[in-house]
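Participant: I'd like to ask some things about the structure below.
Residue numbers (this note's numbering), protein chains in the order written: chain A, -18 to 339; chain B, -18 to 339.
See the structure below:
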């Protein structure tokens, strides 16, 4: 399977749409690019409102604000707010409540990133120095705590009891998954079940919540809410598998992360897991690397051999196939929902999630 | 003013009552010891139920559980659960809902301790190695996140909307106060307003919430809930002032903290703040110490001079006087509440908070 060609370098000042759009402009299928373009135009106002809300959070006043502001200003793709918006638009639309929940989803995401970067001793985030690299671990811990509480306060103010309960359960799952990941740090023998457990908790749980929150704000019937929750879970897994692929094949100038950042931080991701399953002779070399200090680049010999074996063992191809299969599962969850632009947009989002190159 | 004599060393296996009781057994007023004894007998069952609940939290299964278990097993005085229980007993009593809220208060407290110890790079907690010293910062960050979510889930399951909103506001205040404290780390010119802001957020806010939670679970009228919230705030300030006194005068074998732990971690506490106001010549020496690596003991010359000047400037006496004044304010808040054993017990708690030596 061909690895997607690296796109141009897209500066962070571009909108989330421009960043996502670049994924599709330079390669096929053409249809996907056209559909993404329509999605962009359609959601511009909703996500503009989310960005405006994020901009109102104080950037100064306390070190927690400063650290959190640094993280928020790194700019993200706003995929979770996009999920909330699209789910809401399947119902009564993206009103104030949906907007608050979309903001909360983005804040929960950034809160966990702040803590994850402390845990992983990460230096880079979205191509720029991570908050902890600029302000230190202490400030990042507090900044993460603050954003988490900000998110929960917004959900509390704007939502019903069930949604807040599910938000708490979601964060609980994210923390548990991060703990399992931390336990497995430096271990070369991560199995598939552990891997799925980790990414379901770490990534998919929040996509699921975002879909449920949007469905709830959109006033959808309970069976539609359930269908969208399932969509969110499948989408989240597809998204994380694509993220793993970017880690091993992406252009650091486009992804904003160093190549093999997962291995550098002691983590085995899915394409590497598959490669090691199929070429046991690589295990020793990788194990030696995992035992070294977090953050160091990979020895050139290991990096070259991994690049070769990721292709030769079919690991990349299988990982991309799996990402697409999850995206298709996600799309299948939409079948019971009313056809229309919001449903098409969700299908586009799933396709992009599995095939993105940034 | 005489500094309380050091009590015997009380091993951590003693109950919270035994730990608190020791404060009063060996010094006056006799009346206080008698009242505390009655309080102990009265609350034994309630706090036993809280401890039993805390014991059911998993200690293994994930590194987050292990880290949190270490923190919980260090044993605390259970003052916040005690507040919930006493407030509830002013009304319909300490039922299941009150117990869950009491557990939540203790979990919130321990969650913030886990993160605070990461922020302060603390080595000791309650006379034993802090969780971060045993398991590292990464696990302590996750363990704190987990306990926080555990606490919020319990409040969500057992309480009304308002109580959860207030819990979120309380944590928000605690995080903000910790941020101000962190900003002031290493600064010798902390002023009284900053100090009060910090301890109100860091300590008193959670006592306030605990009183409100107990009052709510006890079904008290709204004006009684408000009176108890005020009691909690005043009690919290008294408690923190006494904590500051223990930091500069306490016996490490009793308090479980190194002498001058605050200064060692870059913090100016209230007795030191007063001493520096009155002996400006000490500022330079203290400033030099604050600029050094966190955790190092104080040079003997500085430690001796501080001990002398804390007494000579009247700082200790004023700090103890202030702690007692806050305790009296707290007791005054109780005047509108129905007289009886619960009200007397709260008054005892306030007196002990201001005058404890462990």
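Where a beta carbon is used, it is the ideal one built from N, C-alpha and C, also for glycine.
Return helix, strand or coil for residue 239 of chain A, following the three-state DSSP convention.
Facilitator: By one-based count along the first chain, residue 239 of chain A stands at place 258. Note: residue 239 of chain A maps to coil in three-state DSSP.
Participant: Pick helix, strand or coil for residue 324 of chain B, following the three-state DSSP scheme.
Facilitator: Position 343 of the second chain, counted from the first residue, corresponds to residue 324 of chain B. Three-state result, residue 324 of chain B: helix.
Participant: Which first and last residues belong to the alpha helix (DSSP H) in which residue 102 of chain A is found?
Facilitator: Taking the first residue of the first chain as position 1, residue 102 of chain A is located at position 121. Note, residue 102 of chain A: premise wrong, no alpha helix (DSSP H); not H, not E.
Participant: List the DSSP bridge partners of residue 293 of chain B.
Facilitator: Here residue 293 of chain B is taken as the residue at index 312 of the second chain, counted from 1. Answer by DSSP bridge pairing: none, since residue 293 of chain B is not bridged.
Participant: Scan the stretch 28 to 52 of chain B for residues whose Cβ lies nearer than 7 Å to a Cβ of chain A and list them as they occur along the chain.
Facilitator: Under the 7 Å Cβ criterion, the stretch 28 to 52 of chain B contributes 43, 44, 45.
Participant: Given residue -7 of chain A, which residues of its chain have a CB within under 6 Å of its CB, disregarding the five upstream and five downstream residues?
Facilitator: Taking the first chain and counting its residues from 1, one reaches residue -7 of chain A at position 12. Reliability fails at residue -7 of chain A, whose pLDDT of 40 lies under 50, so the model's placement of it is uncertain and the value that follows must be treated cautiously. Excluding sequence neighbours, residue -7 of chain A sits near 56.
Participant: Is residue 281 of chain B helix, strand or coil when you go by DSSP?
Facilitator: Taking the second chain and counting its residues from 1, one reaches residue 281 of chain B at position 300. The answer is helix: DSSP assigns residue 281 of chain B an H, G or I state.
Participant: Tell me residue 109 of chain A's beta-bridge partners as DSSP assigns them.
Facilitator: As a first step, residue 109 of chain A must be located in the first chain, where it is residue number 128. Paired residues: A/106.
Participant: Any Cβ of chain A within less than 8 Å of the Cβ of residue 172 of chain B?
Facilitator: The count along the second chain starts at 1 and reaches residue 172 of chain B at position 191. No, its Cβ sits nowhere closer than 8 Å to a Cβ of chain A.
Participant: Count Cβ pairs between the stretch 172 to 189 of chain B and the stretch 151 to 162 of chain B that sit closer than 8 Å; are there 3 or more?
Facilitator: In short, these stretches touch, since the Cβ pair count reaches three.
Participant: Check distances from the C-beta atoms of the stretch 142 to 153 of chain A to those of chain B and list, in chain order, the residues that come in under 9 Å.
Facilitator: Within the stretch 142 to 153 of chain A, the qualifying residues are 142, 145, 146, 149, 150, 152, 153.
Participant: Residue 26 of chain B CB to nearest chain A CB: under 8 Å?
Facilitator: On the second chain, position 45 is the one that residue 26 of chain B refers to. Not one chain A Cβ lies under 8 Å of residue 26 of chain B.
Participant: Given a threshold of 16 other Cβ atoms within 10 Å of its Cβ, counted over all protein chains shown, does residue 204 of chain B qualify as buried or as exposed?
Facilitator: As a working mapping, residue 204 of chain B is identified with position 223 in the second chain. Answer is exposed; the Cβ neighbour count stays below 16.
Participant: What does the alpha-carbon distance come out to for the pair residue 75 of chain B and residue 324 of chain B?
Facilitator: Walking along the second chain from the start, residue 75 of chain B turns up at place 94. Walking along the second chain from the start, residue 324 of chain B turns up at place 343. Approximately 14 Å, taken between the alpha carbons.
Participant: Report the start-end ranges of each beta strand (DSSP E) in the stretch 166 to 233 of chain B that is 3 residues or longer and not cut off at the edges.
Facilitator: Runs of the beta strand (DSSP E) inside the stretch 166 to 233 of chain B: none found.
Participant: On the premise that residue 137 of chain A lies in contact with residue 327 of chain B, defined as a C-beta separation below 8 Å, what is that separation, rounded to the nearest angstrom?
Facilitator: Here the question's residue 327 of chain B lines up with position 346 in the second chain. Here the question's residue 137 of chain A lines up with position 156 in the first chain. Actually they do not touch by this definition, with Cβ atoms about 29 Å apart.
Participant: Starting from the beta carbon of residue 82 of chain A, find every residue of chain B whose beta carbon is closer than 9 Å, and list them in chain order.
Facilitator: The sequence position of residue 82 of chain A within the first chain is 101, counting from 1. Those within 9 Å of residue 82 of chain A in chain B number zero; the least Cβ separation is about 16 Å.
Participant: Do we get a CB-CB distance below 8 Å when we pair residue 59 of chain B with the residues of chain A?
Facilitator: Walking along the second chain from the start, residue 59 of chain B turns up at place 78. So, not an interface residue.
Participant: From the beta carbon of residue 88 of chain A, is the nearest beta carbon of chain B less than 8 Å away?
Facilitator: One-based indexing of the first chain puts residue 88 of chain A at position 107. No, residue 88 of chain A does not count as interfacial toward chain B.
Participant: Between which two residues does the alpha helix (DSSP H) containing residue 154 of chain B stretch?
Facilitator: Taking the second chain and counting its residues from 1, the one referred to as residue 154 of chain B is at position 173. Taken as a continuous stretch (DSSP letters only), the alpha helix (DSSP H) holding residue 154 of chain B covers 142 to 164.
Participant: Do residue 161 of chain B and residue 179 of chain B have their beta-carbon atoms positioned less than 8 Å apart in this structure?
Facilitator: Counting from one through the second chain, the residue named residue 179 of chain B turns up at place 198. Counting from one through the second chain, the residue named residue 161 of chain B turns up at place 180. Yes.
Participant: Could you say if the stretch 104 to 114 of chain B and the stretch 50 to 70 of chain B meet the contact criterion of at least three C-beta pairs nearer than 8 Å?
Facilitator: As far as the Cβ criterion goes, the stretch 104 to 114 of chain B touches the stretch 50 to 70 of chain B, which means the pair count is three or higher.
Participant: Which residues, in order along the stretch 198 to 226 of chain B, keep a beta-carbon less than 8 Å from a beta-carbon of chain A?
Facilitator: Flagged: no residues at all.
Participant: Threshold first: 4 residues or longer. Then list the alpha helix (DSSP H) segments lying entirely within the stretch 14 to 76 of chain B, N to C.
Facilitator: Whole alpha helix (DSSP H) segments, 4+ residues: 44 to 54, 60 to 70.
Participant: Can you tell me which of A/272, A/79, A/315 puts its alpha carbon nearest to the alpha carbon of residue 207 of chain A?
Facilitator: Here residue 207 of chain A is taken as the residue at index 226 of the first chain, counted from 1. For the residues A/272, A/79, A/315, the minimum Cα distance to residue 207 of chain A belongs to A/315.
Participant: Helix, strand or coil, according to DSSP, for residue 91 of chain B in the structure here?
Facilitator: The count along the second chain starts at 1 and reaches residue 91 of chain B at position 110. Residue 91 of chain B: helix per DSSP, three-state reduction.
Participant: So, with DSSP's three-state summary, where would you put residue 338 of chain A?
Facilitator: On the first chain, position 357 is the one that residue 338 of chain A refers to. Here residue 338 of chain A sits in coil by DSSP.
Participant: Tell me whether residue 272 of chain B sits in a helix, a strand or coil according to DSSP, three-state version.
Facilitator: Residue 272 of chain B sits at position 291 when you count from the first residue of the second chain. In this structure, residue 272 of chain B counts as coil in the three-state DSSP scheme.
Participant: What's the C-alpha gap between residue 236 of chain B and residue 339 of chain B?
Facilitator: Within the second chain, the letter at position 255 stands for residue 236 of chain B. Within the second chain, the letter at position 358 stands for residue 339 of chain B. Approximately 5 Å between the Cα atoms of the pair.
Participant: From the DSSP output, in three-state form, read off residue 250 of chain A for me.
Facilitator: In the first chain, counting from the first residue as 1, residue 250 of chain A sits at position 269. Residue state, collapsed to three classes: coil.
Participant: Would you tell me roughly how many angstroms separate the C-alpha atoms of residue 256 of chain A and residue 170 of chain A, rounded to the nearest one?
Facilitator: Along the first chain, read from residue 1 onward, the residue named residue 256 of chain A stands at position 275. Along the first chain, read from residue 1 onward, the residue named residue 170 of chain A stands at position 189. Residue 256 of chain A and residue 170 of chain A: Cα-Cα distance of roughly 12 Å.
Participant: At the level of alpha carbons, what is the spacing between residue 183 of chain A and residue 158 of chain A?
Facilitator: Taking the first residue of the first chain as position 1, residue 183 of chain A is located at position 202. Taking the first residue of the first chain as position 1, residue 158 of chain A is located at position 177. Each residue's Cα considered, the two are about 5 Å apart.
Participant: Would residue 248 of chain A and residue 239 of chain A be called neighbours here (beta carbons separated by less than 8 Å)?
Facilitator: Residue numbering aside, residue 248 of chain A sits at position 267 when the first chain is read from its first letter. Residue numbering aside, residue 239 of chain A sits at position 258 when the first chain is read from its first letter. In this structure, residue 239 of chain A does not lie closer than 8 Å to residue 248 of chain A by Cβ.
Participant: With a threshold of 8 Å between beta-carbons, can residue 5 of chain A be considered close to chain B, or not?
Facilitator: One-based indexing of the first chain puts residue 5 of chain A at position 24. In this prediction, residue 5 of chain A has a pLDDT of 48, which is less than 50 and means its spatial position is unreliable; what the coordinates show is noted afterwards. It does not: the Cβ of residue 5 of chain A has no partner Cβ on chain B nearer than 8 Å.
Participant: Can you name the start and end residues of the alpha helix (DSSP H) that residue 129 of chain B belongs to?
Facilitator: For the purposes of this step, residue 129 of chain B is identified with residue 148 of the second chain, where counting begins at 1. Per DSSP, residue 129 of chain B belongs to the alpha helix (DSSP H) from 118 to 139.
Participant: Distance check for residue 19 of chain A and residue 333 of chain A, CA to CA, integer angstroms please.
Facilitator: Locating residue 333 of chain A in the first chain gives position 352, counting from the first residue. Locating residue 19 of chain A in the first chain gives position 38, counting from the first residue. Going from the Cα of residue 333 of chain A to the Cα of residue 19 of chain A covers about 13 Å.
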